[in-house]
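Have a look at the structure below, then the notes.
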Amino acid sequence: MKRLLFQIKYVASRIQNYSHHSPNFQGYLTDKHFEQCVLKFGSFKGSKNWQNLKKKASVLIPVCLHNDEICLLYTQRTKQLRRHSGQISFPGGMKDENETAEETAIRETEEEIGIPSSSIKVYGCGSPVVRLDLLITPVVGYVGPVVPSELLINHKEVEHAFALPMKEFCDLNNCRYTNFENKYILPVFKINGYRIWGITAYITHLFLRSFLENEYKFELKSKT
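Whatever position you read off the sequence shown (first residue = 1), add 135 for my numbering.
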């Protein structure tokens, strides 16, 4: 009986502690906040050689509302794809000739998960990031309320889509890092059974440092 009471008190204290420290996102979906986020997001220094890269892609960082919480919308790629099969990513793809980064991100989002361009409010781009010989431009957009299970998924490319509350990224228990190929220190997030790693985790990290400047406290350790 004492053990049961202890467990109840422990769980209650954890809930109370989490609620007390849970970030307050009131006002974060305003145009002003998004614009400030993009300014900072675009100020991060990227690779010195990115201007020499010819292969270019862009991804949309879809900020959404799900279950009345501010979330990030991700996709899990199908296992049938030859490249990056089964991986978690933002919607996006290769840039067509004469297409802007924003246009690429919008087109790919509509093709992959069925969100029409009319439902995507684009605020701008973050600093480009490099993956091997590919230059990736992250595009910040708000897609409004979303029910991932009701999206028109293109199952040739995407297994399913899911939304993760931003507050979960602010819990340091969900944040890790990895020494990728002994060259780069990259973040890893484990939230609600999903593991976000690689370039998607890095883009997420940079975005959160801009969008949740005061709430997102995770820091990557320097490589020694």
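By construction, the Cβ of each residue, glycine as well, lies at the ideal position given by its N, Cα and C atoms.
1. Provide the residue span of the beta strand (DSSP E) that contains Gln211, from first to last.
2. Does the Cβ of Asn202 lie closer than 7 Å to at least one heavy atom of the ligand MN?
3. Taking Cβ positions, are Cys305 and Glu247 nearer each other than 8 Å?
4. Verify whether the separation of the beta carbon atoms of Phe297 and Ile196 is less than 8 Å.
5. Span of the beta strand (DSSP E) holding Lys191?
6. Considering Cα atoms alone, identify which of Cys199, Asp268, Thr235 and Leu207 is closest to Tyr329.
7. Strictly by DSSP, which residues pair up with Cys310?
8. Could you pull out every residue in the same chain whose Cβ sits closer than 8 Å to the Cβ of Tyr209, ignoring the five residues on either side in sequence?
9. Give the single residue among Val275, Lys302, Leu188 and Glu245 whose Cα lies nearest to the Cα of Asn361.
10. Which stretch, first to last residue, makes up the alpha helix (DSSP H) that contains His168?
11. Please work out which residues of its chain come closer than 6 Å, Cβ to Cβ, to Thr272, disregarding the five sequence neighbours upstream and downstream, and give them in chain order.
12. Would a C-beta distance cut-off of 8 Å place Lys189 and Lys230 closer than the cut-off?
13. Please tell me whether Thr213 and Glu292 are closer than 8 Å, where the distance is taken between their beta carbons.
14. My guess is that Pro280 and Cys199 are in contact by the Cβ rule of under 8 Å, so how many angstroms apart are they, rounded?
15. Apart from the five residues on each side of it in sequence, which residues of its chain come closer than 6 Å, Cβ to Cβ, to Ile250?
16. Just how far apart, CA to CA, sit His340 and Asp268?
17. Measure the alpha-carbon distance for Phe179 versus Ala240 and round it to whole angstroms.
On the basis of the supplied data:
1. Glu204 to Arg212
2. Looking at this structure, you won't find the ligand MN or any other ligand, since it has none at all.
3. One thing to note: Cys305 has its Cβ no nearer than 8 Å to the Cβ of Glu247.
4. no
5. Lys190 to His201
6. Proximity to Tyr329 across Cys199, Asp268, Thr235 and Leu207 peaks at Leu207, based on C-alpha coordinates.
7. Phe324
8. Ile223, Ser224, Phe225, Ala296, Phe297, Ala298, Leu299, Tyr329, Ile331 and Thr335
9. It is not possible to answer for residue 361, since the shown part of the chain is limited to 136 through 359.
10. His168 -> alpha helix (DSSP H) spans Asp166 to Phe176.
11. These residues qualify, in order along the chain: Ser193, Ala236, Cys260 and Pro263.
12. no
13. yes
14. About 7 Å separates the two Cβ atoms, so the contact holds.
15. Thr244 and Val278
16. 21 Å
17. 20 Å
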